[in-house]
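Q: For reference, the structure I am asking about is given below.
Residue numbers (this note's numbering): 26 to 495.
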């Protein structure tokens with residue numbers, strides 16, 4: 026609209042007090058501006074649009090260590106967020122002696138975070154830490170968008186990747202245990218109890234069932250947790266039966282542990298041809314896989330790929346996956362796989378050993394395996410060789426160093442306890458086969474009366490060989 030200028034007001038020929046008049050149809054219409062769609066193709070049908078990733082801002086509190094360690098932690102949080110299916114727009118680090126008990130980052134920084142969220146158009150804030158329920162509520166109220174913590178993020182990734190019935194039950198149990206302490210009431214749903222004047226005139230007959238909505242939700246969660254724990258106990262019995270069979274035959278077990286995406290599944294495939302899913306993603310494999318392996322001298326042992334670890338692995342997750350992690354606790358040898366190409370491999374080693382100590386596997390024999398030597402920096406590898414002289418350096422992708430690793434595993438497998446010298450009749454070839462499979466042959470000679478063998482065997486096989494001992 027054109028407004029009259031005051032200096033032209035004395036000229037009635039040039040003054041238009043009514044301004045420009047628009048056609049009625051033009052004024053009531055809403056014109057669509059072409060080319061404003063963020064899609065490559067301007068398509069209006071919802072079913073043909075691309076899936077939009079969740080837009081997130083990362084927030085971290087740097088309390089200890091160097092700036093490089095703080096930045097590595099944020100970089101790992103970024104990988105976790107992208108694995109969960111989001112687009113990271115911004116990352117913020119605050120230096121504090123400890124997280125703020127009310128808002129995690131302090132009242133003033135919450136206002137700055139709000140400005141960043143508005144400027145970037147983010148719809149989610151992810152905090153690098155486990156937030157208390159009050160911190161979570163305060164941040165959401167003040168920032169105005171959804172706020173989740175590191176624990177909820179990892180649980181979401183596990184929920185996406187769980188495939189087996191046991192894995193899904195374990196993840197659901199961990200999610201419910203996390204959610205139980207963080208339920209919130211919304212408006213009128215918080216309470217359904219009322220009566221008399223408090224009921225807004227409803228009076229008799231307007232009272233609720235005597236239980237608030239949030240209490241009902243908590244009760245249902247507790248019931249579901251009990252059901253899941255019972256189901257997991259039943260699944261654990263099946264796993265324990267299989268484990269007891271291996272223990273009865275005294276078959277040595279080797280568990281592959283390590284940081285997530287360090288190449289554990291690739292290493293299992295390289296050693297046994299297991300065909301386990303391999304993907305360049307965090308927590309791609311959740312379900313443990315056990316495969317048969319054989320040493321060069323014929324001894325049989327098992328190799329088990331376990332769930333990956335991460336810094337500050339949620340306690341609820343460790344508790345829910347305890348039956349799965351028992352494969353590591355009961356192993357004879359741990360192959361601790363480290364990503365040699367990671368910016369902070371030493372931090373990975375510390376994080377994994379912390380979790381191993383938490384589940385009771387800190388005292389089990391450990392063989393450090395530095396993986397991805399084909400992609401690692403030569404300077405980093407040289408420093409790791411100096412700091413960890415007993416480590417084996419391999420590349421599961423190219424096969425470099427695998428033979429050295431196999432020899433090291435064979436050297437560190439537990440030796441059979443009993444040495445026997447026996448003359449086994451030829452009709453008992455099954456005993457000789459057992460010696461090859463589960464024992465360690467010192468000498469073997471075929472004579473006219475049978476197979477003369479000196480070997481180290483387990484106690485059970487020694488009892489079977491007792492009638493033929495010389």
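Backbone N, C-alpha and C define an ideal beta-carbon position, used for all residues, glycine too.
Taking the Cβ atom as the reference point for each residue, do residue 365 and residue 393 lie within a distance shorter than 8 Å?
A: Residue mapping note: residue 365 aligns to position 340 of the chain shown, counting from 1. Residue mapping note: residue 393 aligns to position 368 of the chain shown, counting from 1. In this structure, residue 393 does not lie closer than 8 Å to residue 365 by Cβ.
Q: Where are the beta strand (DSSP E) runs, 3 residues long or more, that stay fully inside the segment 397-464, in chain order?
A: Qualifying beta strand (DSSP E) stretches, in chain order: 443-449.
Q: To test your reading of the DSSP string, which unbroken beta strand (DSSP E) runs of 3 or more residues are found completely within the segment 79-148?
A: Counting whole runs of 3 or more residues, the segment 79-148 contains the beta strand (DSSP E) stretches 79-87, 111-120.
Q: Flag this pair as touching only if the segment 389-406 and the segment 366-373 have three or more C-beta atom pairs under 8 Å; answer yes or no.
A: Touching, yes, given that three or more Cβ pairs across the two stretches are closer than 8 Å.
Q: Does the segment 183-197 come close enough to the segment 141-154 that 3 or more CB-CB pairs lie under 8 Å?
A: At 8 Å Cβ cutoff, the stretches do not touch.
Q: Taking the straight line between their C-alpha atoms, what separation do you get for residue 356 and residue 280?
A: What you label residue 356 is simply residue 331 of the chain shown in a count that begins at 1. What you label residue 280 is simply residue 255 of the chain shown in a count that begins at 1. So the alpha carbons of these two residues sit roughly 6 Å apart.
Q: For a test of the three-state rule: what should DSSP assign to residue 333, helix, strand or coil?
A: Counting from one through the chain shown, the residue named residue 333 turns up at place 308. Coil, per DSSP.
Q: Within a Cβ cutoff of 7 Å, which residues of the same chain sit near residue 73, ignoring the five residues on either side of it in sequence?
A: By 1-based counting over the chain shown, the position of residue 73 is 48. Annotation note: pLDDT 44 at residue 73 (below 50); position unreliable, coordinate value reported separately. Same-chain partners within the cutoff: there are none.
Q: Residue 164 to residue 150, Cα distance in whole Å?
A: Taking the first residue of the chain shown as position 1, residue 164 is located at position 139. Taking the first residue of the chain shown as position 1, residue 150 is located at position 125. Residue 164 and residue 150: Cα-Cα distance of roughly 9 Å.
Q: Residue range of the alpha helix (DSSP H) that residue 201 falls in?
A: On the chain shown, position 176 is the one that residue 201 refers to. Element bounds for residue 201: 190-205.
Q: Thinking C-alpha only, which one of 260, 372, 330 is nearest residue 337?
A: Translated into positions along the chain shown, residue 337 becomes position 312. Of the candidates 260, 372, 330, the one whose C-alpha sits nearest the C-alpha of residue 337 is 372.
Q: For residue 440, collect the residues of the same chain with a Cβ closer than 7 Å to its Cβ; drop the 5 residues on either side in sequence, then sort them by chain order.
A: Counted from its first residue, the chain shown places residue 440 at position 415. The residues are 465, 481.
Q: Should residue 208 and residue 105 be called a contact, given that it needs their Cβ atoms to be closer than 8 Å?
A: Working through the chain shown from its first residue, we reach residue 208 at position 183. Working through the chain shown from its first residue, we reach residue 105 at position 80. Not a contact, by the Cβ cut-off of 8 Å.
Q: Among 447, 79, 360, 108, which has the Cα closest to the Cα of residue 472?
A: Counting from one through the chain shown, the residue named residue 472 turns up at place 447. Comparing Cα-Cα distances from residue 472 to each of 447, 79, 360, 108, the minimum goes to 447.
Q: Take residue 87 and list the residues in its own chain whose beta-carbon comes closer than 6 Å to its own, dropping the five residues that flank it on each side.
A: On the chain shown, residue 87 is found 62 positions in, with the first residue counted as 1. Here the set comprises 95, 118, 120.
Q: Spell out a yes or no on whether the segment 473-492 and the segment 428-444 are touching, meaning 3 or more CB-CB pairs, one atom from each, closer than 8 Å.
A: Yes: the two stretches touch, three or more of their Cβ pairs being nearer than 8 Å.
Q: For a test of the three-state rule: what should DSSP assign to residue 278, helix, strand or coil?
A: For the purposes of this step, residue 278 is identified with residue 253 of the chain shown, where counting begins at 1. Three-state result, residue 278: strand.
Q: Which value, in whole angstroms, describes the spacing of the CA atoms of residue 488 and residue 450?
A: Residue 488 sits at position 463 when you count from the first residue of the chain shown. Residue 450 sits at position 425 when you count from the first residue of the chain shown. Rounded to the nearest angstrom, the two C-alpha atoms are 16 Å apart.
Q: With a threshold of 16 other CB atoms inside 10 Å of the CB of residue 136, please say whether the residue is buried or exposed.
A: As a working note, residue 136 is residue 111 in the chain shown. Answer is exposed; the Cβ neighbour count stays below 16.
Q: So what does residue 267 bridge to, in DSSP terms?
A: In the chain shown, residue 267 corresponds to position 242, counting from 1. For residue 267, which the question treats as bridged, DSSP gives no partner whatsoever.
Q: Can you tell which of 431, 194, 474, 454 has its C-alpha closest to the C-alpha of residue 324?
A: Position 299 of the chain shown holds residue 324. The option with the nearest alpha carbon to residue 324 is 431.
Q: What whole-angstrom Cβ distance do residue 175 and residue 153 have, given they're in contact under 8 Å?
A: Here the question's residue 175 lines up with position 150 in the chain shown. Here the question's residue 153 lines up with position 128 in the chain shown. Rounded, the Cβ-Cβ distance is 5 Å, consistent with contact.
Q: With 16 as the cutoff for other CB atoms within 10 Å, does residue 82 come out buried or exposed?
A: Position 57 of the chain shown, counted from the first residue, corresponds to residue 82. That one is buried.
Q: How many Å lie between residue 286 and residue 339 at the Cα?
A: The residue labelled residue 286 in the question sits at position 261 within the chain shown. The residue labelled residue 339 in the question sits at position 314 within the chain shown. Approximately 18 Å between the Cα atoms of the pair.
Q: One question on the structure: do residue 384 and residue 350 come within less than 8 Å of each other, judged by their Cβ atoms?
A: Translated into the one-based positions of the chain shown, residue 384 becomes position 359. Translated into the one-based positions of the chain shown, residue 350 becomes position 325. Cβ atoms of residue 384 and residue 350: closer than 8 Å.
Q: Would you report the Cα separation of residue 247 and residue 180, rounded to the nearest angstrom?
A: Here residue 247 is taken as the residue at index 222 of the chain shown, counted from 1. Here residue 180 is taken as the residue at index 155 of the chain shown, counted from 1. Rounded to the nearest angstrom, the two C-alpha atoms are 18 Å apart.
Q: Using a 10 Å radius around the Cβ and a threshold of 16 neighbouring Cβ atoms, would you call residue 289 buried or exposed?
A: Walking along the chain shown from the start, residue 289 turns up at place 264. Result: buried.
Q: Look at residue 334 and residue 376 and say whether their C-beta atoms are less than 8 Å apart.
A: Here residue 334 refers to the residue found at position 309 when the chain shown is read from its first residue. Here residue 376 refers to the residue found at position 351 when the chain shown is read from its first residue. Yes, they are a contact pair.
Q: Are there 16 or more other CB atoms within 10 angstroms of the CB of residue 111, so buried, or fewer, so exposed?
A: Your numbering for residue 111 matches position 86 in the chain shown. With 16 or more Cβ atoms within 10 Å of its Cβ, residue 111 is classed as buried.
Q: Can you give the beta carbon distance from residue 327 to residue 276, rounded, assuming they're within the 8 Å contact cut?
A: Here the question's residue 327 lines up with position 302 in the chain shown. Here the question's residue 276 lines up with position 251 in the chain shown. So it is a contact: roughly 6 Å between Cβ atoms.
Q: Please state whether the Cβ-Cβ distance between residue 386 and residue 354 is less than 8 Å.
A: What you label residue 386 is simply residue 361 of the chain shown in a count that begins at 1. What you label residue 354 is simply residue 329 of the chain shown in a count that begins at 1. The answer is yes: Cβ separation under 8 Å.
Q: Please list the terminal residues of the continuous beta strand (DSSP E) segment that includes residue 358.
A: Indexing the chain shown from 1 puts residue 358 at position 333. Start and end: 358-364.
Q: State buried or exposed for residue 361, treating a residue as buried only when at least 16 other CB atoms are found within 10 Å of its CB.
A: Here residue 361 refers to the residue found at position 336 of the chain shown. Burial call: buried.
Q: Is DSSP giving residue 53 helix, strand or coil here?
A: As a first step, residue 53 must be located in the chain shown, where it is residue number 28. Note that residue 53 scores 45 on pLDDT, short of 50, meaning its location in the model is unreliable; the coordinates nonetheless yield the value given after this. The answer is helix: DSSP assigns residue 53 an H, G or I state.
Q: Tell me, to the nearest whole angstrom, how far the beta carbon of residue 156 is from that of residue 129; I am working on the premise that it is less than 8 Å.
A: For the purposes of this step, residue 156 is identified with residue 131 of the chain shown, where counting begins at 1. For the purposes of this step, residue 129 is identified with residue 104 of the chain shown, where counting begins at 1. Going by Cβ atoms, the distance from residue 156 to residue 129 rounds to 6 Å, so yes, they are a contact pair.
Q: Closest by CA to residue 427, which one among 297, 109, 244?
A: Locating residue 427 in the chain shown gives position 402, where the first residue counts as 1. Answer by Cα proximity: 297.
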